[in-house]
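A short write-up of the structure that comes next.
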Amino acid sequence: MSLVEMLSLDELSDGLANLPMFPYFEIAHYVVSVVALREQPGAIGLSRISPLACWFSSMLHCFGGAVLSGLMLAEPPIAPLSNSDNILLATFIWYLIFYCPMDMFYNFTRVVPVRVVLSAMKEVTRTWKILGGITEAQDKYQDNLLVMIAVGWAKGAGGSLISNFEQLVRGIWRPETNELIKMSYPTKITLLGAVLFALEEAEYLPVEKNHLMLFYTLFTVINKCRMMLTGSSYFPFAPMEWLLFEVLFMGRLPNFTLRQICGFIMVDNGRARVTRANKDWRENRHNCPSPVRGTRRGRDEADGKKYK
Amino acid sequence: MSLVEMLSLDELSDGLANLPMFPYFEIAHYVVSVVALREQPGAIGLSRISPLACWFSSMLHCFGGAVLSGLMLAEPPIAPLSNSDNILLATFIWYLIFYCPMDMFYNFTRVVPVRVVLSAMKEVTRTWKILGGITEAQDKYQDNLLVMIAVGWAKGAGGSLISNFEQLVRGIWRPETNELIKMSYPTKITLLGAVLFALEEAEYLPVEKNHLMLFYTLFTVINKCRMMLTGSSYFPFAPMEWLLFEVLFMGRLPNFTLRQICGFIMVDNGRARVTRANKDWRENRHNCPSPVRGTRRGRDEADGKKYK
Amino acid sequence: MSLVEMLSLDELSDGLANLPMFPYFEIAHYVVSVVALREQPGAIGLSRISPLACWFSSMLHCFGGAVLSGLMLAEPPIAPLSNSDNILLATFIWYLIFYCPMDMFYNFTRVVPVRVVLSAMKEVTRTWKILGGITEAQDKYQDNLLVMIAVGWAKGAGGSLISNFEQLVRGIWRPETNELIKMSYPTKITLLGAVLFALEEAEYLPVEKNHLMLFYTLFTVINKCRMMLTGSSYFPFAPMEWLLFEVLFMGRLPNFTLRQICGFIMVDNGRARVTRANKDWRENRHNCPSPVRGTRRGRDEADGKKYK
């Protein structure tokens, strides 16, 4: 990379790092969060029966990360309420999305380019949220890696992580699933970000913070846009996740030692014919649920049926 | 108002403001709270199976407000336990109500005049609870209106707001409803009080605190007595609530603009004949649940059947 | 007791009080806790579907006491995560128990002598946990007996007390029971210990702390070994518990006054023939559930069937 490119990279990442989140990016975050709530079954009915429960649920969607990280660090979970500007903005957007005459605002957010731009902007706020959580954790627990990751993750993906209790506010209770059992894409990507930023803060990663912010933000934004435009929900790290899963969490099956599994993966990439042993193993795989394959999809369908 | 009346109002409100809550009003609060628990289905059975769960549930009924506001402000939710006098008093009353030989104490509280007096005294404690919550919130967040309202409300109506988790202690789980979806009368009146006192504390209301305390307490006491003696559960602000609800939260229905609804309300008060358009609208209303009308009552009955 | 015996008792109790918990006793605690999780229905399936939920659930089993007492005292519930050594150790043990090739580690822990030794060592950590909780409570609330008992109990038996929420992490929700309604042996014994140590700390008990630690630890260890070796789940204080229960919590039944009950117990020990009145009473007893008799066992069986 030439000096000129280096300079422009520095400039770009500094520019991003100094980008103010309030109000435009925050607005995008609130719109996307409240629209996500509105598109859940039963939400519109609730908004007619109890605007207060609907508002509270929306606020948990918008500020769930702050509430959860507050609870984890024994700071008032009510703190987001004290930030009047943000709350008023979020309340205004909640009102527009649920009660705007002719549903104009919601229909406007459904226009594809608008939705893509808003989602991309929301992804940008994720970086700031994760970093905010990590900084809070550092204030209390210095460079403790696990705490930094946990709080950063909670702050960035709080709305999803507390979804069971957010649903309870709306009178819905789905104990059979949660974000830990079945992680959604945003939760995964936030966990990845929290790990990266925590490693950087603890000086295990030899990159500058601003550069990492730039690359992580670019990655999440591009990936989100790709997913929205192509309609695919393909997670870019799925093969890595799968390998890690197979290597680490399959040890107990007596027939397959780690060596066999790793060997299979390395060998299988280079040849078409599958030996008998490998074939058996492939069949067995289908009996054994893993987070990136078949059974999961089957459970989703079952869930869907149950709640439709 | 003449000077004499003014003086007597000041005296009266100062007298009320200096009224000590401990022990008589606190006793009334505990008695009414524990009796409310005892009259829930399954509570007597639980008191025979597990006195500890029954005691814990009773304490949540008595001190739920302190527990909830403690959680919200990141102060120990166990704090009420440290107030030995109040805990011992509440425990003694819990014991009398559930285990008194011949059920004498409970039968005594069922005598109508006793019950009315106790309920009236409990209403008085509500004012103090709300003010306590608002003061706590002010200590942490200065004059932030939303936090003051939230903590005041939580402190005043905590037992109801955490009812889902209080029921869980007793092995009962009713996720399909909660106080936000279906607000009960005490919760509503406490929210109203929290708003009024918070506005007063933030100096938006041109009244003296002591006068407001007097008027709010008188209002809740008289209203409670009226409700108990006439058996009606009519909420005095229902028409206002209904108007607010229709104006604010009906905008999305394409057929009815705000102007139409407001016009209808203003016009309808003055004449008996209903035009066709209005009639249609009235019919439509029944398809659209609102917190003060038909559908709500229907759901109550359904709930009742489910849990009997 | 002669001077020599006294000296050796002092030496023994001082030796026990200075015993370091880390790493051997902590290891035993983690092994027993995680094995308890693994032996619950559905846990192995979960470990294949979502290692993260399984890990989080295991950590709640290992550090539930610290999490619960943290919540109660408004200290960060995330604090156990900051203790890297303990977390890494617990994570390592979790990994061995769920994913060890050939299931060697788990099979090793199932060998009876190993299991007995590990369980005995885990019982030793209970004493330290209770004392830790009581000390924390004392820091915040001086010698307040109720708070000390509550926090000591929470710290010692936290994993059981939060079991409803620990199960929720694994997608299981059993609201119809909890540790308050149906106390398990470890929870009972921890409550007893919390009461004893709190009384000692508040100087109501005329014993030295080290002696009490020795006696309580010996009692729990011996009792646990006896229960494991004989397979009986007999609680040594069951008769006392029963008497207390009948005397305190049966007053409401009009037919049996306290005197009759106490008289029956005292008389019945000395003779074989049962008079008619007593016989009636015995029959009545079966209609009235109590925590140490029939009905309880019936409910257990019903629970068992429901969840198999």
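Residue numbers (this note's numbering), protein chains in the order written: chain A, 4 to 311; chain B, 4 to 311; chain C, 4 to 311.
Cβ coordinates follow ideal geometry from the N, Cα and C atoms, glycine included.
Everything numeric in this text was worked out from a predicted model, so none of it was measured.
Is there a Cβ of chain B sitting closer than 7 Å to that of C:L149, yes or no? Yes, because at least one Cβ of chain B sits closer than 7 Å to the Cβ of C:L149.
What are the complete alpha helix (DSSP H) segments, minimum 4 residues, inside the region 65 to 133 of chain B? Under the rule that a run must span 4 or more residues, the alpha helix (DSSP H) segments found entirely inside the region 65 to 133 of chain B read 82 to 85, 87 to 102, 107 to 112.
Check for me: the alpha helix (DSSP H) holding B:P189 runs from which residue to which? Counting along the chain, the alpha helix (DSSP H) containing B:P189 begins and ends at 188 to 204.
Helix, strand or coil: which one does DSSP assign to B:R229? B:R229 carries a helical assignment under DSSP once its states are collapsed to helix, strand and coil.
Compare the C-beta of A:E78 against all C-beta atoms of chain B and say whether one is closer than 7 Å. It does: the Cβ of A:E78 has a partner Cβ on chain B nearer than 7 Å.
With distances taken Cα to Cα, identify the nearest neighbour of C:K125 among C:A153, C:F101, C:T193. Nearest C-alpha to C:K125: C:T193.
Following the continuous alpha helix (DSSP H) through C:S163, name the residue where it begins and the one where it ends. For C:S163, the uninterrupted alpha helix (DSSP H) segment begins and ends at 148 to 164.
In chain B, what lies closer than 7 Å to A:A56 by C-beta? What A:A56 touches in chain B, judged by beta-carbon distance under 7 Å, is L183, I184, going in chain order.
I think B:V38 touches B:T128, with their Cβ atoms under 8 Å apart; what is that distance to the nearest whole Å? Wrong, their Cβ atoms sit about 15 Å apart, outside the cutoff.
Measure the C-alpha to C-alpha separation of C:M182 and B:G45 and round it to an integer number of angstroms. According to the sequence shown, residue 182 of chain C is Glu rather than Met. Whole-angstrom Cα-Cα distance: 18 Å.
Is the number of C-beta pairs between the region 90 to 101 of chain C and the region 226 to 240 of chain A that are closer than 8 Å three or more? Result no; under three Cβ-Cβ pairs closer than 8 Å.
Which residues in the same chain have their Cβ closer than 6 Å to the Cβ of B:I133, if we skip the five residues on either side of it in sequence? Hits under 6 Å: G155, G159, G196, A197, F200.
How would you write the range of the alpha helix (DSSP H) that B:V210 sits in, first residue to last? Run containing B:V210: none; DSSP gives neither H nor E here.
Can you tell me which of the three DSSP states A:E2 falls into? Since the displayed chain A opens at 4 and closes at 311, residue 2 of chain A lies outside it and no answer follows.
Since I believe C:Y33 is in contact with C:T130 (beta carbons under 8 Å), could you give me their beta-carbon distance rounded to a whole number of angstroms? Wrong, their Cβ atoms sit about 17 Å apart, outside the cutoff.
Please list, in chain order, the chain C residues whose beta carbon lies closer than 8 Å to that of B:L171. Under a criterion of Cβ atoms nearer than 8 Å, the residues of chain C adjacent to B:L171 are, in order, N167, P178, N181.
Give a yes or no on whether the C-beta atoms belonging to B:L49 and C:P178 are separated by under 7 Å. The answer is no: Cβ separation not under 7 Å.
Beta-carbon of B:A20 versus every beta-carbon of chain D: anything under 7 Å? The structure shown contains no chain D; its protein chains are A, B and C.
Coil, strand or helix - A:W176 by DSSP: Here DSSP, grouped into helix, strand and coil, assigns A:W176 to coil.
Spell out whether any CB of chain B is found under 7 Å from the CB atom of A:I96. By this cut-off, A:I96 is not an interface position.
Distance, B:S85 Cα to B:E286 Cα: At B:E286 the pLDDT is 38, less than 50, meaning the model places this residue with poor confidence; the figure from the coordinates comes in the next sentence. Linking B:E286 to B:S85 through their CA atoms gives a straight-line distance of about 56 Å.
Using a Cβ cut-off of 8 Å, which residues of the region 130 to 146 of chain B contact any Cβ in chain A, in chain order? Answer set for the region 130 to 146 of chain B: K143, Y144.
Backbone secondary structure at B:F218 - three-state DSSP: Taken through DSSP and simplified to helix, strand or coil, B:F218 comes out as helix.
Any C-beta of chain A sitting closer than 7 Å to the C-beta of C:F59? Yes - at least one Cβ of chain A is within 7 Å of the one on C:F59.
For A:G48, which of helix, strand or coil comes out of DSSP? Assignment of A:G48 by DSSP, reduced to helix, strand and coil, places it in the helix class.
Check whether the region 71 to 81 of chain A and the region 69 to 79 of chain B are in contact - that is, three or more C-beta pairs closer than 8 Å. The answer is yes - the region 69 to 79 of chain B touches the region 71 to 81 of chain A, with three or more Cβ pairs under 8 Å.
Name the chain B residues whose beta carbon is nearer than 8 Å to that of C:M75? By Cβ distance, chain B contributes P79, P80, I81.
Start and end residues, alpha helix (DSSP H) containing B:Y33: Under the DSSP assignment, B:Y33 falls in the alpha helix (DSSP H) whose first and last residues are 27 to 41.
Grab me the residues of A:S16's own chain with a C-beta within less than 6 Å of its C-beta, minus the 5 sequence neighbours each way, in chain order. Cβ neighbours of A:S16 beyond the five flanking positions: N213, H214, L217.
Under a three-way DSSP split, which group does A:N21 fall into? Reduced to three states, the DSSP call for A:N21 is coil.
Residue environment, B:A31, which counts as buried when at least 16 other CB atoms sit within 10 Å: B:A31 counts as buried, since no fewer than 16 other beta carbons sit within 10 angstroms of its beta carbon.
Helix, strand or coil for B:Y144? Go by DSSP, reduced to three states. In the structure shown, B:Y144 sits in a helix (DSSP, three-state: H, G or I).
Using a Cβ distance threshold of 8 Å, determine whether the region 57 to 66 of chain C contacts the region 161 to 175 of chain C, with at least three qualifying pairs required. Pairwise C-beta distances place the region 57 to 66 of chain C in contact with the region 161 to 175 of chain C, as three or more of them are shorter than 8 Å.
Backbone CA spacing between C:D146 and C:I137 [nearest angstrom]: A straight line joining the alpha-carbon of C:D146 with that of C:I137 spans about 10 Å.
For B:L91 and chain C, any beta-carbon pair shorter than 7 Å? Judged by the 7 Å Cβ criterion, B:L91 is not in contact with chain C.
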